[in-house]
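Chains as they are written, first to last, in the working numbering: chain A, 1 to 712; chain B, 713 to 901.
Cβ coordinates follow ideal geometry from the N, Cα and C atoms, glycine included.
Working notes for the structure below.
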């Protein structure tokens, strides 16, 4: 009895010692952190120059002038499923010296930029399309001769720069760019996206992710080709993000959208901005921002549905240019009856989940990836087979081959996922080779889901590998983290005949993964092909139509001497052949369809170039198409040059400040350069100290007659 | 000693060992990587192919940074990602390397490779050698402390310049400070 009493006393004492040990450790830890913070706060006052303006050194040392600012107006006209945007960028120079402004801005990935004009006072100068080097030369020459000029160059398919030479003190130069784009249509909903933010390239790579296939990939080669100088390259890699700028907007933007759908519209919703939606009596809908101007720090998105019953099954928009017909064709596969649907849903799947566990995934990115993996595993049923693999410097599969998704196997996989840690390099090729090994289980739909932040430099090699080894598998890429390499992952998904999903926030993991997984549970149509019933030759892009999932339409751009008559769309539904013949009523004179066709052709040529071989021939073809259709491309630029000189001497060049994307805080430019080493060391020593204290107390407490034992 | 206490002591000791180990790992990684890179570098200098410093390395050194007076020799990695910085100082993307002028920006951890920055002052000389290139000498003009958003220090100011950046304060315990310690050095003509 006495023994048991003593034992319980010791437990109480032990617990007290443990609790106080931990309390001491925690208190000391807090004290250390608070002291460190105080030291930080007291050490210096961070720069007072939070004006949101970029200063430029003048010829006189110590004297500065301010960089030009840009205001953007976007007027978007939607006709059917095509949008034409007129983008006006007003460069204002508030400084005291003439400057050259360079503005980096994003456009939608499929934008066909075909028009440029520059307005100085009342004079308007039209831009011309030229090969990239020639355009740059014309611009540089105008610059040296003191003439105003504007140059629009494509840096990546979704990132452009606008350079304006000689903006005089207090002067305003308005540059107008126009582009055409196809709207996204999914599940009965149209989606228009106007990108406004350039994601900071926080994790830099010396080899630019968008390097063209035929350009040397060495660190010392100019990353964007010889025609593109170092200063501009720097602009792209690290746009001049503004710091917190107080009340003034850094890049104010005003947006107006007019929708002329031809059919009554249902809900029109602006996803991220407050907007006024005005439905006019003539059926047109006009959307304007509720505020006069918004900051260009997060993308504008507008979605709308057409009234029930008015959803199109097929539509053909045509335009005749130089005796040739161009068309944009959209076909929505007819809804399935319940029996067909049930048959489709019973196609068992073999899912291979690949997760990047390289060092760059450390932290939130890996947490997101793990959450996404759990979500994916949770949706498998016993009919399915699956495997999971991680890769960093080496590739580690959970099993050598896919196993049935039994509860026991799923539990093993979940436990394995929990233990994943991020470290090491990013060797993607072995992981992709392992997943795309040609071993397909007959009767199973093989889907590879690839999660990464995409920090790679050998993208062309990887794309080639995907194209060569894909077989009947489908590759779905999932971009993780705040700045994944979206271009690479979009391309990888396209080569893999799958889709790309971007997850930028841990809170989005569930929703986005669920949506992706639900969608890919049932591909509605595979091996899609399109032909005109009269057998006439038609040049269509994309050449290979991607698989269609629930609610997605077939959208292709076509060109022929004459486009009319019946179109036959065929493919495989479940394991059955399927086809439908449609005679869309052409809506003629849809302006800009030719440009869209040319843009689609350029994208196809650039992809072909990526697959290897014949870069020069492809380059020439891109230039030919781009020049014929007045399009900005990787090899062509629009340039507008004033005839009369208005400035003397050289201008300072200035990167126009770009607003930071919302949610990125301020960590855009100077990288973080501290490690948790000191903190870990301190906490570790405290824990060791506490352990020693407890051990000592325990030791002395077990000795009879010790003060502590009596105390207990 | 009773079981609960023994257990508590063991748990705390384990936790402590793990934390100390993690801290040591950060330092060890930075140190060993630099030694391996040094040997890869000298092999490359001796006229071999560009070697990977270790078989699974996915980055390469682009320059050698030395401060003769302080006996500092560091190999600069390509890019300033967290991963690169674990192994050595990183050349900030988009900034040029020595030869052609402009503002060369190199960043590194305050508690490993760039801990010595606190001892640099105006007049100190820094040498930078790009792979296969000449040694270029810079002299420290000033040291400044800025907020991490004040990225002007990374802008090209025209004249050839070397900018070394690390986190500040040097002896802060908790990572994630907003302040940066910047050493601005100008090329010696």
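Anticipated Cβ contact below 8 Å, residue i with residue j, distance rounded
{"i": "residue 328 of chain A", "j": "residue 317 of chain A", "result": "5 Å"}
{"i": "residue 100 of chain A", "j": "residue 164 of chain A", "result": "7 Å"}
{"i": "residue 81 of chain A", "j": "residue 315 of chain A", "result": "7 Å"}
{"i": "residue 93 of chain A", "j": "residue 167 of chain A", "result": "4 Å"}
{"i": "residue 625 of chain A", "j": "residue 602 of chain A", "result": "6 Å"}
{"i": "residue 788 of chain B", "j": "residue 774 of chain B", "result": "6 Å"}
{"i": "residue 430 of chain A", "j": "residue 395 of chain A", "result": "4 Å"}
{"i": "residue 488 of chain A", "j": "residue 447 of chain A", "result": "Not quite, the Cβ-Cβ distance comes to about 20 Å (not below 8 Å), so this is no contact."}
Reduced DSSP category for residue i - H, G, I as helix; E, B as strand; rest coil
{"i": "residue 888 of chain B", "result": "coil"}
{"i": "residue 102 of chain A", "result": "strand"}
{"i": "residue 190 of chain A", "result": "strand"}
{"i": "residue 693 of chain A", "result": "helix"}
{"i": "residue 458 of chain A", "result": "coil"}
{"i": "residue 794 of chain B", "result": "helix"}
{"i": "residue 707 of chain A", "result": "With a pLDDT of only 47 at residue 707 of chain A, under the threshold of 50, the placement of this residue in the model should not be trusted, and no figure is reported."}
{"i": "residue 204 of chain A", "result": "For residue 204 of chain A, the pLDDT reaches just 24, beneath the cut-off of 50, and the residue's location in the model is therefore unreliable, although a value from the coordinates is still provided. DSSP places residue 204 of chain A in coil when its eight states are reduced to three."}
{"i": "residue 252 of chain A", "result": "strand"}
{"i": "residue 802 of chain B", "result": "strand"}
{"i": "residue 139 of chain A", "result": "helix"}
{"i": "residue 216 of chain A", "result": "For residue 216 of chain A, the predicted structure reports a pLDDT of 29, less than 50, and the residue's modelled location is therefore unreliable. A value from the coordinates is still provided. Correct three-state label for residue 216 of chain A: coil."}
{"i": "residue 525 of chain A", "result": "strand"}
{"i": "residue 821 of chain B", "result": "coil"}
{"i": "residue 512 of chain A", "result": "helix"}
{"i": "residue 897 of chain B", "result": "strand"}
{"i": "residue 84 of chain A", "result": "strand"}
{"i": "residue 352 of chain A", "result": "strand"}
{"i": "residue 293 of chain A", "result": "coil"}
{"i": "residue 783 of chain B", "result": "coil"}
{"i": "residue 383 of chain A", "result": "coil"}
{"i": "residue 520 of chain A", "result": "helix"}
{"i": "residue 874 of chain B", "result": "strand"}
{"i": "residue 699 of chain A", "result": "helix"}
{"i": "residue 284 of chain A", "result": "coil"}
Member of the options whose CA lies at the smallest distance from the CA of residue i
{"i": "residue 142 of chain A", "options": "A:671, A:683 and A:641", "result": "A:641"}
{"i": "residue 555 of chain A", "options": "A:546, A:477 and A:507", "result": "A:546"}
{"i": "residue 765 of chain B", "options": "B:730, B:781 and B:799", "result": "B:799"}
{"i": "residue 418 of chain A", "options": "A:355, A:427 and A:532", "result": "A:355"}
{"i": "residue 399 of chain A", "options": "A:429, A:351, A:366 and A:428", "result": "A:351"}
{"i": "residue 367 of chain A", "options": "A:422, A:494, A:187 and A:643", "result": "A:422"}
{"i": "residue 643 of chain A", "options": "A:146, A:76 and A:288", "result": "A:146"}
{"i": "residue 401 of chain A", "options": "A:407, A:385 and A:416", "result": "A:385"}
{"i": "residue 98 of chain A", "options": "A:144, A:124 and A:130", "result": "A:144"}
{"i": "residue 795 of chain B", "options": "A:87, A:579 and A:359", "result": "A:359"}
{"i": "residue 660 of chain B", "options": "A:673, A:382 and A:110", "result": "This structure leaves residue 660 of chain B out entirely; chain B is present only between 713 and 901."}
{"i": "residue 818 of chain B", "options": "B:743, B:866 and B:886", "result": "B:866"}
{"i": "residue 563 of chain A", "options": "A:152, A:361, A:533 and A:374", "result": "A:533"}
N- and C-terminal bounds of the beta strand (DSSP E) containing residue i
{"i": "residue 882 of chain B", "result": "Segment: none, residue 882 of chain B is in no beta strand (DSSP E) and carries neither H nor E."}
{"i": "residue 316 of chain A", "result": "314-321"}
{"i": "residue 172 of chain A", "result": "172-182"}
{"i": "residue 642 of chain A", "result": "636-645"}
Range of the contiguous alpha helix (DSSP H) that encloses residue i
{"i": "residue 751 of chain B", "result": "715-757"}
{"i": "residue 114 of chain A", "result": "Per DSSP, residue 114 of chain A belongs to no alpha helix (DSSP H); it is in the beta strand (DSSP E), 112-120."}
{"i": "residue 416 of chain A", "result": "407-418"}
{"i": "residue 618 of chain A", "result": "615-628"}
{"i": "residue 358 of chain A", "result": "Residue 358 of chain A -> no alpha helix (DSSP H), and no H or E assigned at all."}
{"i": "residue 95 of chain A", "result": "Per DSSP, residue 95 of chain A belongs to no alpha helix (DSSP H) and is neither H nor E."}
{"i": "residue 364 of chain A", "result": "364-378"}
{"i": "residue 433 of chain A", "result": "428-435"}
{"i": "residue 330 of chain A", "result": "Element bounds for residue 330 of chain A: not the alpha helix (DSSP H) but the beta strand (DSSP E), 324-331."}
Within chain D, the residues that residue i reaches when beta carbons sit closer than 9 Å
{"i": "residue 731 of chain B", "result": "Here chain D cannot be found, since the structure's protein chains are A and B."}
>> Three Cβ pairs or more, each shorter than 8 Å: is that satisfied between the segment 558-565 of chain A and the segment 282-294 of chain A?
In response: no
> Between the segment 667-684 of chain A and the segment 850-857 of chain B, do three or more beta carbon pairs fall short of 8 Å?
Replying inline: no
> Are the segment 726-734 of chain B and the segment 674-687 of chain A touching by the rule of at least three beta carbon pairs closer than 8 Å?
Replying inline: yes
> So, do the segment 148-159 of chain A and the segment 105-115 of chain A have three or more beta carbon pairs nearer to each other than 8 Å?
Replying inline: yes
> Hey, is the segment 132-139 of chain A in contact with the segment 113-124 of chain A, meaning 3+ C-beta pairs nearer than 8 Å?
Replying inline: no
>> Below 8 Å, how does it come out for the segment 454-474 of chain A and the segment 376-391 of chain A: are there three or more Cβ pairs, yes or no?
In response: no
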